[in-house]
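The sequence shown runs 0 to 394 under numbering that gives the first Met the number 0. Each residue gets a CB set at the ideal place from its N, CA and C atoms; glycine is no exception. All of these numbers come straight from a predicted model, not from anything done at the bench. Only one structure is covered here, and it is reproduced in the block below.
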Amino acid sequence: MSENKHFIVRTPLFPLYSKVRLLVQILDGEAKDSVWGMIKALFDQTGTPQNSVDWSQPSDWIEQRLHGTNQELAKKIWSESSGAVNPRHIYGSYLFINTFGLLVPDAQGVYRSSIDGLDFIENNPTILRKLDEEEGLPQLLSILAAHSPAKRGDLVDEWSEFLLENSNYGTASTFKDTLSRRLLNLVERGYVAREGNTYTITDKGISYAAPVGPETVQRPHIAVLGAIKNYNDAQTKELRERLENMNPYRFEMLIKDLLEAMDYEDVVVTKQSGDKGVDVVASFQFGITQIKEVVQVKRHKGNITRPVLDQLRGALPYHGAIRGTIITTGGFAQGCKDAALFPGAAPITLIDGDKVIELLLKHGVGVKKKPQTLIEIDESYFASDDPETQIPEEQ
């Protein structure tokens with residue numbers, strides 16, 4: 000492999016583009032040394048785990064912790080961004096801006112917006128695509144498309160493999176951090192949808208997910224990813240319909256299988272009457288303590304209301320349990336949500352239809368995952384300039 004290989008995914012602390020866009024405008028006209036001086040002054044006050052510093056409210060700490068030009072610049076960033084950019088957390092944006100020359104120091108060392116910087120401010124698709132490819136975002140979308148919906152843990156192995164081949168990152172912590180930050184960037188821009196800890200590629204993301212190369216190479220790749228997403232969406236919709244129309248007792252048995260897949264023990268479906276509102280009883284090992292939990296299962300399209308929760312909470316002593324869960328194919332009324340974690344009362348976990356689907360997919364209950372392999376040319380291999388692999392020219 001060539002020693003001059005071009006590595007990508009270079010920016011640690013990868014930022015949100017919305018914050019970079021604001022900073023490019025705010026820092027235009029500021030001395031680069033002044034910006035670094037403020038960042039360094041804040042780094043020097045980071046604190047320790049035993050004596051941590053709360054940086055969440057810049058309006059409270061800027062005057063206390065910074066002085067002179069550092070204080071003025073921090074105030075400017077906080078004020079002109081309308082509170083969107085915390086001066087304590089601009090280092091990732093600073094690295095990104097300098098790496099890609101969005102701001103360039105003039106002869107006096109003062110930042111000036113470059114052509115790329117101005118295009119970035121205007122959301123020019125050409126510069127955005129260039130930057131995204133340099134940071135591995137289309138490749139990450141391709142990985143997500145094959146797993147969507149997915150948790151970060153479902154993506155980290157393939158992302159790690161990509162980084163090992165194409166970047167200077169090589170540790171588990173950096174694999175996870177670069178993945179997390181880029182997912183947040185893609186969520187903000189509408190390429191990925193997020194619900195809790197689950198990420199789903201959008202139609203916009205499918206169109207953007209493609210390897211670097213000519214369109215004739217990209218289009219089949221996009222078509223495959225789009226077909227996978229459409230198929231998975233259709234299967235998920237059918238799964239939801241089956242759950243909503245399933246025999247109630249059969250649905251309870253499905254929840255039993257799900258709990259067992261989630262490492263619950265001694266899972267028992269109670270008799271269909273005389274159970275005081277409890278459908279499933281299970282135990283869960285939490286550290287060295289085994290916790291008994293009762294579950295009420297509702298195959299129900301509407302919203303579960305407060306009385307259902309109160310009934311389950313009242314049944315906890317009868318079953319010797321300290322917490323409960325309500326699982327439904329529908330949703331929960333606001334009063335039910337408010338009462339679930341009422342101070343001083345036994346906690347009740349609420350799992351709605353979307354979460355049920357997510358858990359079934361994650362643990363493979365009622366569904367089968369069939370991995371598909373996409374073969375791509377390894378451009379880095381064929382770009383090798385190792386003299387031992389090259390045919391010499393005629394002398």
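(message) Any contact between the region 173-189 and the region 125-141? By contact I mean 3 or more CB pairs, one from each, below 8 Å.
(response) yes
(request) State the Cα-Cα distance for the pair V266 and K4, rounded to the nearest angstrom. (result) 55 Å
(request) Give me whichever residues DSSP pairs with N349 in a beta bridge. (result) The amino acid at residue 349 is misidentified as Asn; the sequence shows Leu. Bridge partners of L349: I325.
(message) In the DSSP output, what is K297 paired with across the bridge?
(response) T327
(message) Residues in the same chain with beta-carbon distance under 7 Å from N69, minus the five sequence neighbours each way, listed in chain order, please.
(response) G36, M37, A40
(message) Looking at the secondary structure, which residues open and close the alpha helix (DSSP H) in which L183 lies?
(response) 171-187
(request) Just the C-alpha distance for E62 and R87, rounded to the nearest angstrom, thanks. (result) So the alpha carbons of these two residues sit roughly 13 Å apart.
(message) In the DSSP output, what is I200 paired with across the bridge?
(response) V191.
(request) Would you decide whether L163 is buried or exposed? Buried here means 16 or more other CB atoms lie within 10 Å of its CB. (result) exposed
(request) Grab me the residues of V364's own chain with a C-beta within less than 6 Å of its C-beta, minus the 5 sequence neighbours each way, in chain order. (result) Excluding residues within five positions, the ones whose Cβ falls inside 6 Å are D256, L257, A260.
(request) State the DSSP-derived secondary structure class of S272, mapped to helix, strand or coil. (result) At S272, the pLDDT of 47 sits below 50, so the modelled position is not reliable; the number obtained from the coordinates is stated separately. Coil.
(request) Along the beta strand (DSSP E) that carries Q284, what are the first and last residues, could you check? (result) 279-285
(message) With three or more C-beta pairs closer than 8 Å as the rule, is the region 101-121 touching the region 42-60?
(response) no
(request) With DSSP collapsed to three states, give me the class of S112. (result) strand
(message) Considering only DSSP beta bridges, list what Q107 is partnered with.
(response) The partner list for Q107 (beta bridge, DSSP) is empty, contrary to what the question assumes.
(message) Given a cut-off of 9 Å on the beta-carbon distance, is the pair L178 and I200 in contact?
(response) no
(request) Return the first residue and the last residue of the alpha helix (DSSP H) that W77 is part of. (result) 67-79
(request) Using the Cα positions of G169 and D156, report the straight-line distance between them to the nearest angstrom. (result) 12 Å
(message) Considering only their Cβ atoms, is the gap separating V366 from T327 smaller than 9 Å?
(response) Going by beta carbons, T327 and V366 fall outside the 9 Å limit.
(message) Since A345 and G323 should fall inside the 8 Å C-beta cutoff, what is the C-beta to C-beta distance between them, to a whole number of angstroms?
(response) 7 Å
(request) Name the one or two DSSP bridge partners that N302 has. (result) G330
(message) I need the DSSP call for V223, collapsed to helix, strand or coil.
(response) helix
(message) Can you check which of these residues, G108, R111, L311, K336, is closest to D278 by C-alpha distance?
(response) L311
(request) Could you check the C-alpha separation between T269 and Q44 for me, to the nearest Å? (result) 58 Å
(request) Would you list the residues sitting across from I290 in a DSSP beta bridge? (result) F283
(request) Give me the Cα-Cα distance between E134 and A144, rounded to the nearest whole angstrom. (result) 18 Å
(request) Quickly, what does DSSP pair E264 with across the bridge? List them, please. (result) S282
(message) Looking only at its chain, what residues have a beta carbon closer than 7 Å to the beta carbon of Y207, apart from the 5 residues adjacent to it on each side?
(response) P137, L140, Y190
(request) Classify L21 as helix, strand or coil using the three-state DSSP reduction. (result) Correct three-state label for L21: helix.
(message) Looking at the secondary structure, which residues open and close the alpha helix (DSSP H) in which V34 lies?
(response) 31-42
(request) Would you mind stating whether L22 and I89 have Cβ atoms separated by less than 9 Å? (result) yes
(message) Per the DSSP calculation, A149 is bridged to which residue(s)?
(response) Residue pairing by DSSP places A149 opposite Y198 in a beta bridge.
(message) In this structure, how does DSSP classify G319 when only helix, strand and coil are distinguished?
(response) Residue state, collapsed to three classes: coil.
(request) Can you check DSSP and say which residues form a bridge with G343? (result) BP columns for G343 are empty, so no partner.
(message) I need the straight-line Cα distance from A233 to F161, nearest angstrom please.
(response) 29 Å
(message) Check for me: the alpha helix (DSSP H) holding K367 runs from which residue to which?
(response) Counting along the chain, K367 falls outside any alpha helix (DSSP H), and DSSP gives it neither H nor E.
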